[in-house]
Amino acid sequence: MSARLTGALVAMAALLAAGLSTGARVYYLLFNVLAAMLLLGLISAVWTVWTVRIDMKGVRPRVNRGETLMTVFTVRHSALLPVASVRVHLSVPSAFAPEQEISVHTPPFATRSFRHRIPCPHRGVYEAGVTRISARDIFGFFSISRRPKMERIRVEVVPRPAPAETMALTASDMGPEFLARASEDTASPSDIRAWQEGDSLKKVHWKISMRRREVMVRTYEESARPDTLIVPDLSAITALKDGQLSAEDCICERCLGAAKAQLEAGYPVRMPLTCAQPSEIAGQFPADLPAFADALMRVKFDSPYAYEQVLALMLVRMQRTGGAVLATARLTTRVADLAMRIQRSGVRTRFVWVADDPQEESLEMLERLKMEGVEVQRVEPK
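Residues 542 to 923 in the numbering used here are what the sequence shown lists, from first letter to last.
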């Protein structure tokens, strides 16, 4: 019940009491005027809300984070009595403010079209559409609402790959496996070719060289290129809602940017997602990037494992890893020590720390990482 409706009912009660006690007709007249206003207001609000028709067009099912959805709404109603406004309640792609309200003024039997921009500030899967329609009478006494029979549209907000430099990996960056395997598989000769300056004498094929009267060398099958392991920290981030979502977006976009740079350079990429429902995404070509974007769009930061446990587990499986990208919003002594251990094992390591207010102790740990040869990037969430 609105404040105006309450005031009108109190005034009507007072006028009725005054009329009954004094017998003056003016009090009854004023009482009837207020009653007529209430009746007209109720009829106009109910009539409008049950005859209004809304159509929504232009919603794209998939957008990049930070873009806006340009939608076109068409409103029409057939109520003859005037109303103050028709309010359209929207479900929008935002975990921080999931609903918006638009006020529309339209005369009876007239179609009113208007454009509305819906921002998409954070990654994820949302539903967009009209959730409720309400009408308010011109006196401000009643606000009647109902749920429309409209299907909501599923909108996917995809993280944008952040700019990242390629980690150039060679056979000597293959981590522990390089101790047992060289860049060429000497047990699998594939072809022969003419001698070139710098070739080793061990590769010379003497029999064919004597037969052809020129020096020929064996060529071998090259071993597979070392892959890149990208490990995002999917444990819950302790911050205010908007800051938490911004940090999650930043981690996902940094990981996606690193995956894009490595795939375009021809390096295979693996990305374990250690959330409550763990999975792993792998790819070898730039065409595989949408799978990484889709997984990072849907992933939840609800890992039951601390990032230290995840890195300790990754150390065991880095037999063919040439480079590692670690992205986290938590920098502890244990995390820094594990990053340095990964670097010492022969794996080129990039450490991405998402933080907007670094402390002196954290900055000192970053310097330690740099001294060990770890590539350090501090990023402020946006």
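Each residue gets a CB set at the ideal place from its N, CA and C atoms; glycine is no exception.
Q) What residue from V587, R858, L837, T652 has the CA that sits closest to R617's CA? A) In the sequence shown, residue 617 corresponds to position 76, counting from 1. Closest option to R617, Cα to Cα, is T652.
Q. Buried or exposed: G864, going by 16 or more other Cβ atoms within 10 Å of its Cβ?
A. Within the sequence shown, residue 864 is the residue found at index 323, counting from 1. With 16 or more Cβ atoms within 10 Å of its Cβ, G864 is classed as buried.
Q) Do the CB positions of V627 and V671 come within less than 9 Å of each other? A) One-based indexing of the sequence shown puts residue 627 at position 86. One-based indexing of the sequence shown puts residue 671 at position 130. Result no, Cβ atoms of V627 and V671 do not sit closer than 9 Å.
Q.
Taking the straight line between their C-alpha atoms, what separation do you get for Q918 and V604?
A. For the purposes of this step, residue 918 is taken as residue 377 along the sequence shown, with counting starting at 1. For the purposes of this step, residue 604 is taken as residue 63 along the sequence shown, with counting starting at 1. Q918 and V604: Cα-Cα distance of roughly 27 Å.
Q | Other residues of its chain near S632: CB distance less than 7 Å, five sequence neighbours each side excluded | A | Numbered from its first residue, the sequence shown carries residue 632 at position 91. Residues P639, E640, E668, A669, G670, T672, R693 of the same chain have their beta carbon placed closer than 7 Å to that of S632, with the five preceding and five following residues left out of the count.
Q: Using three-state DSSP, classify V840 as helix, strand or coil.
A: Numbered from its first residue, the sequence shown carries residue 840 at position 299. In this structure, V840 counts as coil in the three-state DSSP scheme.
Q.
So, with DSSP's three-state summary, where would you put S820?
A. Translated into positions along the sequence shown, residue 820 becomes position 279. It is a strand residue.
**Q.** Helix, strand or coil at D835 according to DSSP, with G and I counted as helix
**A.** Numbered from its first residue, the sequence shown carries residue 835 at position 294. Correct three-state label for D835: helix.
Q) Do V772 and M708 have their C-beta atoms within less than 9 Å of each other? A) As a working mapping, residue 772 is identified with position 231 in the sequence shown. As a working mapping, residue 708 is identified with position 167 in the sequence shown. With contacts defined as CB atoms closer than 9 Å, V772 and M708 fail to qualify as a contacting pair.
Q. Under 9 Å, do L793 and V758 count as touching if we go by C-beta distance?
A. Here residue 793 refers to the residue found at position 252 of the sequence shown. Here residue 758 refers to the residue found at position 217 of the sequence shown. For clarity, residue 793 is Cys in the given sequence; the question names Leu instead. Their beta carbons are not under 9 Å apart, which means C793 does not touch V758 by this criterion.
Q: Given a cut-off of 9 Å, decide if V876 and L837 are closer than it, judged by their beta-carbon atoms.
A: Against the sequence shown, residue 837 aligns to sequence position 296. Against the sequence shown, residue 876 aligns to sequence position 335. Cβ atoms of L837 and V876: not closer than 9 Å.
Q: Just the C-alpha distance for I883 and L710, rounded to the nearest angstrom, thanks.
A: In the sequence shown, residue 883 corresponds to position 342, counting from 1. In the sequence shown, residue 710 corresponds to position 169, counting from 1. In this structure, the CA atom of I883 is about 15 Å from the CA atom of L710.
Q: Could you tell me whether the Cβ atoms of R658 and T612 are closer together than 9 Å?
A: By one-based count along the sequence shown, residue 658 stands at place 117. By one-based count along the sequence shown, residue 612 stands at place 71. Yes, the Cβ-Cβ distance between R658 and T612 is below 9 Å.
**Q.** Local conformation of Y667 per DSSP, three classes
**A.** Counted from its first residue, the sequence shown places residue 667 at position 126. In the structure shown, the three-state DSSP call for Y667 is strand.
**Q.** D843 and C816 closer than 9 Å at C-beta
**A.** Along the sequence shown, read from residue 1 onward, the residue named residue 843 stands at position 302. Along the sequence shown, read from residue 1 onward, the residue named residue 816 stands at position 275. Yes. Within cutoff.
Q) Would you call H646 buried or exposed, if buried means 16 or more other Cβ atoms sit within 10 Å of its Cβ? A) On the sequence shown, residue 646 is found 105 positions in, with the first residue counted as 1. The residue is exposed, with fewer than 16 neighbouring Cβ atoms inside 10 Å.
Q. Do P662 and R601 have their CB atoms nearer than 9 Å?
A. Residue numbering aside, residue 662 sits at position 121 when the sequence shown is read from its first letter. Residue numbering aside, residue 601 sits at position 60 when the sequence shown is read from its first letter. No, they are not a contact pair.
Q. With burial defined as no fewer than 16 other Cβ atoms inside 10 Å of the residue's Cβ, what is the status of S585: buried or exposed?
A. Position 44 of the sequence shown, counting from 1, holds the residue named residue 585. Per the 10 Å Cβ criterion, buried.
**Q.** Beta bridge counterpart(s) of G864 as assigned by DSSP
**A.** For this step, residue 864 is matched to residue 323 along the sequence shown. Note: G864 sits in a beta bridge opposite T769, R889.
(Q) So, for L557: in the same chain, excluding its five sequence neighbours on each side, which residues have a beta-carbon less than 7 Å away from its beta-carbon? (A) Walking along the sequence shown from the start, residue 557 turns up at place 16. Answer for L557: F572, listed in chain order.
Q: Leaving out five residues on either side along the sequence, give the residues of the same chain with a beta carbon under 6 Å from the beta carbon of P827.
A: As a first step, residue 827 must be located in the sequence shown, where it is residue number 286. Here the set comprises L804, E805.
**Q.** Check whether M859 and L770 have beta carbons under 9 Å apart
**A.** Position 318 of the sequence shown, counting from 1, holds the residue named residue 859. Position 229 of the sequence shown, counting from 1, holds the residue named residue 770. Yes, Cβ-Cβ distance for M859 and L770 is below 9 Å.
Q | CB of A896 within 9 Å of CB of P700, strictly | A | Looking up residue 896 in the sequence shown gives position 355. Looking up residue 700 in the sequence shown gives position 159. No.
**Q.** Rounded separation between L561 and V551 - CA only
**A.** Working through the sequence shown from its first residue, we reach residue 561 at position 20. Working through the sequence shown from its first residue, we reach residue 551 at position 10. Rounded to the nearest angstrom, the two C-alpha atoms are 15 Å apart.
Q. Mind checking whether G798 and A705 have CB atoms under 9 Å apart?
A. By 1-based counting over the sequence shown, the position of residue 798 is 257. By 1-based counting over the sequence shown, the position of residue 705 is 164. Less than 9 Å divides the Cβ of G798 from the Cβ of A705.
Q: Say yes only if the C-beta of E697 is nearer than 8 Å to one or more non-hydrogen atoms of the ligand MN, and no if none qualify.
A: By its list of ligands, the structure shown contains no ligand whatsoever, and the ligand MN lies outside what it can speak to.
Q. Among residues of its own chain, excluding the 5 on either side of A728, which ones have a beta-carbon nearer than 6 Å to its beta-carbon?
A. Working through the sequence shown from its first residue, we reach residue 728 at position 187. Model confidence at A728 stands at a pLDDT of 45, short of 50, so the residue's coordinates are unreliable; what they give is reported in the following sentence. There are no such residues.
**Q.** T698 versus K923: straight-line alpha-carbon distance, rounded
**A.** Position 157 of the sequence shown, counting from 1, holds the residue named residue 698. Position 382 of the sequence shown, counting from 1, holds the residue named residue 923. Note that residue 698 is Val in the sequence shown, not Thr. When the Cα atoms are used, V698 and K923 turn out to be separated by approximately 16 Å.
Q. In whole angstroms, what separates the C-alpha of Q737 from that of M751?
A. Taking the sequence shown and counting its residues from 1, the one referred to as residue 737 is at position 196. Taking the sequence shown and counting its residues from 1, the one referred to as residue 751 is at position 210. Their Cα atoms are separated by approximately 17 Å.
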